[in-house]
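Visitor: Quick one: the structure is below, and I'll ask about it shortly.
Number of protein chains: 2
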Amino acid sequence: MSDSRRAVMGRPRGFDIDQALERAMRVFWARGYEGASLAELTGAMGITKTSMYAAFGNKEQLFRKALQRYGAGPAAYATRALEEPTARAVALAFLRGAVRTTTPPRGPSGCLTVQGALASSDESRAIHDLLVDWRNDAGVRLEERFRRAVDEGDLPRDADPRRLARFIMTMGFGIAVQAANGLGPAELDEIVDTALLGWPA
Amino acid sequence: MSDSRRAVMGRPRGFDIDQALERAMRVFWARGYEGASLAELTGAMGITKTSMYAAFGNKEQLFRKALQRYGAGPAAYATRALEEPTARAVALAFLRGAVRTTTPPRGPSGCLTVQGALASSDESRAIHDLLVDWRNDAGVRLEERFRRAVDEGDLPRDADPRRLARFIMTMGFGIAVQAANGLGPAELDEIVDTALLGWPA
DNA sequence: TTAGTTAAGTACCGGTCGGTGCAGAACTCT
DNA sequence: AGAGTTCTGCACCGACCGGTACTTAACTAA
């Protein structure tokens with residue numbers, strides 16, 4: 054491994070592919086999949102359409118790569134939250150993370166996976182479905198974590214892990230919309246506190 | 054008033070303008086503002102582009118009329134809920150209404166005001182802002198209702214009406230996303246029950 | 001019948017969409 | 001140096017975008 058220093062043939066790429074992807078991700082985040090035009094994407098990436106196609110394939114694959122990067126970066130809080138010791142701490146960390154990510158000091162408000170393609174025309178059905186799966190996967194992982202919490206006695210025996218996970222996911226999605234509506238982190242944190250008032254002891 | 058039977062000059066309109074608007078609304082609901090093309094809109098409306106422009110002005114005004122119709126029709130639950138006798142009943146009616154409207158037996162899943170233009174390119178910024186205002190207005194009306202509930206002693210003196218309203222709105226938005234994700238009314242009703250567990254006595 | 005008014009259908013507008021063909025530039029390998 | 005390989009910039013593609021000019025159809029008023 055570590056061929057990164059191996060000399061490669063041909064003209065070397067004239068731009069940082071990671072930085073270009075980061076910028077594309079932010080455009081998709083702000084505009085959604087269909088709302089982001091190639092002109093705006095490549096403009097923000099600082100490269101031409103030709104270079105984008107050579108490096109990423111096409112717009113759809115660029116979005117898929119951007120979504121991967123989003124999951125590993127801004128949305129990593131969702132995975133980290135699962136490591137908290139109690140179900141309540143998981144829920145709190147998850148929602149606080151959602152608040153932080155959807156209200157960055159600079160950068161787009163909201164959540165890429167929600168803004169990406171909630172509604173869309175037929176051509177981008179593939180992206181729409183990809184995002185549905187992405188969001189549902191996050192819910193399933195939360196559900197499994199809560200199920201473990203029941204096993205560990207950290208949640209009451211009669212608690213319904215699936216239901217709790219869906220509730221937390223619903224709050225997360227709602228937070229994304231509220232962030233797009235202009236609410237800031239302080240206001241959203243209040244909402245999170247309110248949501249957890251009824252959390253099973 | 055009631056000039057509807059007055060004879061009007063010129064060739065009579067060959068389609069039902071109300072029905073056409075209803076169909077346009079459903080296309081916007083499913084596709085969002087930008088995702089709905091004139092071709093698809095007029096196709097569903099059963100008229101030509103020319104007739105649409107003559108009757109509604111342009112795409113943006115068609116959307117505004119469709120949004121009005123949405124507020125008076127599918128989204129009327131939001132206003133009706135305010136008439137419930139207690140704050141808790143208001144919250145429950147609001148969320149149950151959101152569930153029903155976002156999961157119709159036939160017709161698009163989700164909420165038109167959320168799917169419409171969460172993320173969008175610059176050209177449709179006007180529609181984006183219109184929807185932000187629409188959603189925020191709904192929150193303000195809920196807040197006022199909860200404030201009244203505090204005055205009437207129906208909510209505890211220390212309850213924060215704005216915070217509660219924002220929480221309920223957040224749940225409503227989240228429900229819209231979950232509906233778009235494929236959840237059905239039964240599952241969403243469970244989520245609503247979970248959300249109201251911590252509602253102030 | 002004729003003039004005036006409004007709607008409908010066709011054919012078209014410039015602009016932008018995502019995507020490419022091609023020539024040349026910049027590199028490695030022999 | 002020369003061949004082989006890869007990336008870049010420009011010009012361009014057909015398709016579709018929202019929107020419109022113009023002719024014709026269908027009505028009322030005189």
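Listed in order, the protein sequences are those of chains A and B. In terms of my numbering, the first sequence is numbered consecutively and its last residue is 254. In terms of my numbering, the second sequence is numbered consecutively and its last residue is 254. Note that CB positions come from ideal geometry on N, CA and C, so glycine has one too.
So, helix, strand or coil for S55(B), using DSSP?
Guide: Interpretation of S55(B) is limited by its pLDDT of 36, a score under 50 that renders its predicted location unreliable; the figure taken from the coordinates is listed afterwards. In this structure, S55(B) counts as coil in the three-state DSSP scheme.
Visitor: Answer yes or no: does any C-beta atom of chain A fall closer than 9 Å to that of A239(B)?
Guide: It does not: the Cβ of A239(B) has no partner Cβ on chain A nearer than 9 Å.
Visitor: Taking all protein chains shown into account, do 16 or more other C-beta atoms lie within 10 angstroms of the C-beta of A248(A), making it buried, or fewer, making it exposed?
Guide: Buried is the call here.
Visitor: Which residues in the same chain as L165(A) place their Cβ atom closer than 8 Å to its Cβ, once the five residues preceding and following it in sequence are excluded?
Guide: If we look at L165(A) and ignore the five residues flanking it on each side, its Cβ neighbours are M78, F81, W82, A119, L120, Y123, P127, A128.
Visitor: Is V143(A) helix, strand or coil by DSSP?
Guide: Three-state result, V143(A): helix.
Visitor: Would you mind stating whether A232(B) and V143(B) have Cβ atoms separated by less than 9 Å?
Guide: No, Cβ-Cβ distance for A232(B) and V143(B) is not below 9 Å.
Visitor: Within 9 Å (strictly less), CB to CB, does T223(B) reach chain A?
Guide: True, the Cβ-Cβ gap to chain A drops below 9 Å.
Visitor: Go through its chain and collect everything with a Cβ distance to P161(B)'s Cβ below 7 Å, but skip five positions before and after it.
Guide: Taken in chain order, the residues that qualify are R79, W82, A83.
Visitor: Given this structure, state the Cα-to-Cα distance separating G96(B) from E243(A), to the nearest angstrom.
Guide: About 46 Å.
Visitor: Kindly indicate which three-state DSSP category L208(B) falls into: helix, strand or coil?
Guide: L208(B) falls in the coil class under three-state DSSP.
Visitor: Take the Cβ of M222(A) as the centre, count every other Cβ of all protein chains shown within 10 Å, and call the residue buried at 16 or more, exposed below.
Guide: Buried, because 16 or more other Cβ atoms sit within 10 Å of the Cβ of M222(A).
Visitor: Out of W252(B), D246(B), W187(B), E197(B), state which residue places its alpha-carbon closest to the alpha-carbon of E136(B).
Guide: Minimum Cα distance to E136(B) is reached at E197(B).
Visitor: Kindly indicate the opening and closing residues of the alpha helix (DSSP H) around D213(A).
Guide: It is not in any alpha helix (DSSP H) - D213(A) carries neither H nor E in the DSSP assignment.
Visitor: Based on Cα-Cα distance, which residue from A191(B), S173(B), R141(B), M105(B) lies nearest to G251(B)?
Guide: Nearest option by C-alpha distance: R141(B).
Visitor: Are the beta-carbon atoms of I100(B) and A89(B) separated by less than 9 Å?
Guide: No, these two residues do not count as a Cβ contact at 9 Å.
Visitor: Within 10 angstroms of the Cβ of R178(A), are there 16 or more other Cβ atoms? Answer buried if so, exposed if not.
Guide: Burial call: exposed.
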